[in-house]
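Undergrad: Just so you know, we're using my numbering here: the sequence shown kicks off at 4 and counts up by one. We put the beta carbon where it would ideally sit given N, CA and C, even for glycine. Because the structure is a prediction, the values reported are computed rather than measured.
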Amino acid sequence: MRRVAQSLLIGMFLAGIAVPGLQGLWLDYRTTLEAENRRAFEPPTLTRKTWKWFPQHFELYFNDHIGFRDFFVQSFRTTKLKVFQVTPSSLIIIGQDGWLFHSFPGIHDDGHSVESQQHIAKWKHELEQRHAWLAERGIHCITTIAPDKQTIYPEHLSLRHQRGIASFTPHDALMESGVNVVDLRPTLRAGKSSENVYHIADTHWTSAGVMLSHHRLIEAAQQWYPDWHGSPLESYSMQIEAYPMDMKMMLGLPPAERMGEHRLHRLKQLPLMDRKPLANPEQIVGWQRQIDAEIYDNPSSKGPHVMLVCDSFGCELREHLAPLCRRLVIAPSSVLPHAIIEREKPDLVIVEMAERRLGQFP
Numbered sequence: 004m005r006r007v008a009q010s011l012l013i014g015m016f017l018a019g020i021a022v023p024g025l026q027g028l029w030l031d032y033r034t035t036l037e038a039e040n041r042r043a044f045e046p047p048t049l050t051r052k053t054w055k056w057f058p059q060h061f062e063l064y065f066n067d068h069i070g071f072r073d074f075f076v077q078s079f080r081t082t083k084l085k086v087f088q089v090t091p092s093s094l095i096i097i098g099q100d101g102w103l104f105h106s107f108p109g110i111h112d113d114g115h116s117v118e119s120q121q122h123i124a125k126w127k128h129e130l131e132q133r134h135a136w137l138a139e140r141g142i143h144c145i146t147t148i149a150p151d152k153q154t155i156y157p158e159h160l161s162l163r164h165q166r167g168i169a170s171f172t173p174h175d176a177l178m179e180s181g182v183n184v185v186d187l188r189p190t191l192r193a194g195k196s197s198e199n200v201y202h203i204a205d206t207h208w209t210s211a212g213v214m215l216s217h218h219r220l221i222e223a224a225q226q227w228y229p230d231w232h233g234s235p236l237e238s239y240s241m242q243i244e245a246y247p248m249d250m251k252m253m254l255g256l257p258p259a260e261r262m263g264e265h266r267l268h269r270l271k272q273l274p275l276m277d278r279k280p281l282a283n284p285e286q287i288v289g290w291q292r293q294i295d296a297e298i299y300d301n302p303s304s305k306g307p308h309v310m311l312v313c314d315s316f317g318c319e320l321r322e323h324l325a326p327l328c329r330r331l332v333i334a335p336s337s338v339l340p341h342a343i344i345e346r347e348k349p350d351l352v353i354v355e356m357a358e359r360r361l362g363q364f365p
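(1) Could you tell me if ASN332 is buried or exposed, where buried requires 16 or more neighbouring beta carbons within 10 angstroms of its beta carbon?
(2) Do the stretch 343-356 and the stretch 132-143 touch if we need at least three Cβ pairs shorter than 8 Å?
(3) For ASN183, tell me which candidate among SER315, HIS128, GLN9 and LEU49 has the shortest Cα-Cα distance.
(4) What's the call for GLU118, buried or exposed, on a 16-neighbour Cβ count within 10 Å?
(5) If you draw a straight line from the alpha carbon of LYS125 to that of ALA259, how long is it in whole angstroms?
(6) MET310 to ILE344, Cα distance in whole Å?
(7) Have a look at ASP300 and PHE44 and give me their C-alpha separation to the nearest angstrom.
(8) Within the chosen definition, does the stretch 160-179 reach the stretch 208-216 through at least 3 CB pairs nearer than 8 Å?
(9) Would you mind reading off the limits of the beta strand (DSSP E) that contains PHE104?
(10) So, are the CB atoms of GLY114 and ALA169 less than 8 Å apart?
(11) What's the C-alpha gap between THR147 and GLU62?
(12) Compute the Euclidean distance between the alpha carbons of ILE294 and ALA357, then round it to the nearest angstrom.
(13) What's the call for ILE13, buried or exposed, on a 16-neighbour Cβ count within 10 Å?
(14) Roughly how many angstroms separate the alpha carbons of LEU320 and GLY70, rounded to a whole number?
(15) Please check if any C-beta of chain B sits within less than 8 Å of the C-beta of ALA169.
(16) For HIS265, collect the residues of the same chain with a Cβ closer than 8 Å to its Cβ; drop the 5 residues on either side in sequence, then sort them by chain order.
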């Protein structure tokens, strides 16, 4: 009897070791890890050229596909967050009143520091080159910075993180450098008194923030197109939808707890537009493939032919800009897509980039 019990115990021990590995390697075909909001490592190939790195790559693949990984990661993160009130991710800052912030090093450092000045000098040179290249082709350009949430809502950060925001940031330094950039911060700070312009648990601005920003950008373009105006507030209706919050996903919360309320400002009457994918999007250098590269044709509009070069912040502008443009081209990229611009020949290029990029070299 004792031998049977020992055999069962050994069998259970071996099964406990083997089942997670076997389940992961043979039954886990995922390409993304939802609990961590990132792509999973793919199985490595063993060739003459890759054999040196095969063990390291296999370990990364095995770690991502081991059985029951999502359950244990999610349980660990939920316990750390709800029981100990500690962020389970170094990328997330827990603020006051339920606000969550993405941690981006460098964006709120002292703009007078040597490192910040070096970054801003590089960005100034890069942006001036972009504007000059477009001007040579008779194309107007607007560059704007989408502020990070803590720039607009520092009061919702913890007191410790509030003290970490310099009074003169790299964003301030860029605005003082003389480069032609549309500053959205005053517009968004003024607008937050009536409605949230950023999501409480998401990185991005709300529909209200997008609406305010599109008005400010069109206002800047009126130096060339004086009859071009944003849609008036009374032309919008309010809709409320459930929306997956990206920072709740990054915290590894269960799917049911990731949703939040999204107050959408939608035009009551949309013009008849032809929406289609952009041809040869692979020509977009630095194409952010998670964002659709699209074209909106609106023959009824007297607005300009616009190309929007943007990240996920700028792409939310499409619903507001498309009805106002004769043609709107969405080019999701962090650099100017020269080949697409040469092909499209737009009247105006709007370049949007997130404030966090100022902490990096172009």
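TA: So, from the listed chains and residues:
(1) Start at 1 with the first residue of the sequence shown, and residue 332 comes out as number 329. Going by the sequence as given, residue 332 is Val instead of Asn. Result: buried.
(2) yes
(3) As a first step, residue 183 is located in the sequence shown; it is residue number 180 there, counting from the start. Taking only the C-alpha atoms, the option nearest ASN183 is HIS128.
(4) Sequence index remark: in the sequence shown, residue 118 carries index 115 (1-based). GLU118 comes out exposed.
(5) For the purposes of this step, residue 125 is taken as the residue at position 122 of the sequence shown. For the purposes of this step, residue 259 is taken as the residue at position 256 of the sequence shown. Taking the straight line joining both Cα atoms gives about 44 Å.
(6) The count along the sequence shown starts at 1 and reaches residue 310 at position 307. The count along the sequence shown starts at 1 and reaches residue 344 at position 341. Roughly 8 Å between the two C-alpha positions.
(7) Position 297 of the sequence shown, counted from the start, is the residue given in the question as residue 300. Position 41 of the sequence shown, counted from the start, is the residue given in the question as residue 44. So the two alpha carbons sit approximately 39 Å from each other.
(8) no
(9) For this step, residue 104 is matched to residue 101 along the sequence shown. From DSSP, the beta strand (DSSP E) with PHE104 extends over 103-105.
(10) Position 111 of the sequence shown, counting from 1, holds the residue named residue 114. Position 166 of the sequence shown, counting from 1, holds the residue named residue 169. Against a cut-off of 8 Å, the Cβ pair of ALA169 and GLY114 comes out as a contact.
(11) In the sequence shown, counting from the first residue as 1, residue 147 sits at position 144. In the sequence shown, counting from the first residue as 1, residue 62 sits at position 59. Distance between the alpha carbons of THR147 and GLU62: 42 Å.
(12) The residue given as residue 294 occupies position 291 in the sequence shown. The residue given as residue 357 occupies position 354 in the sequence shown. In a straight line, the C-alpha of ILE294 is about 15 Å away from that of ALA357.
(13) Here the question's residue 13 lines up with position 10 in the sequence shown. Its Cβ having fewer than 16 others within 10 Å, ILE13 is exposed.
(14) The count along the sequence shown starts at 1 and reaches residue 320 at position 317. The count along the sequence shown starts at 1 and reaches residue 70 at position 67. If I take the Cα positions, the gap works out to 41 Å.
(15) The structure shown contains no chain B; it is built from a single protein chain.
(16) In the sequence shown, the residue the question calls residue 265 occupies position 262. These residues qualify, in order along the chain: HIS202, THR209, SER210, ILE243, GLU244, ALA245 and TYR246.
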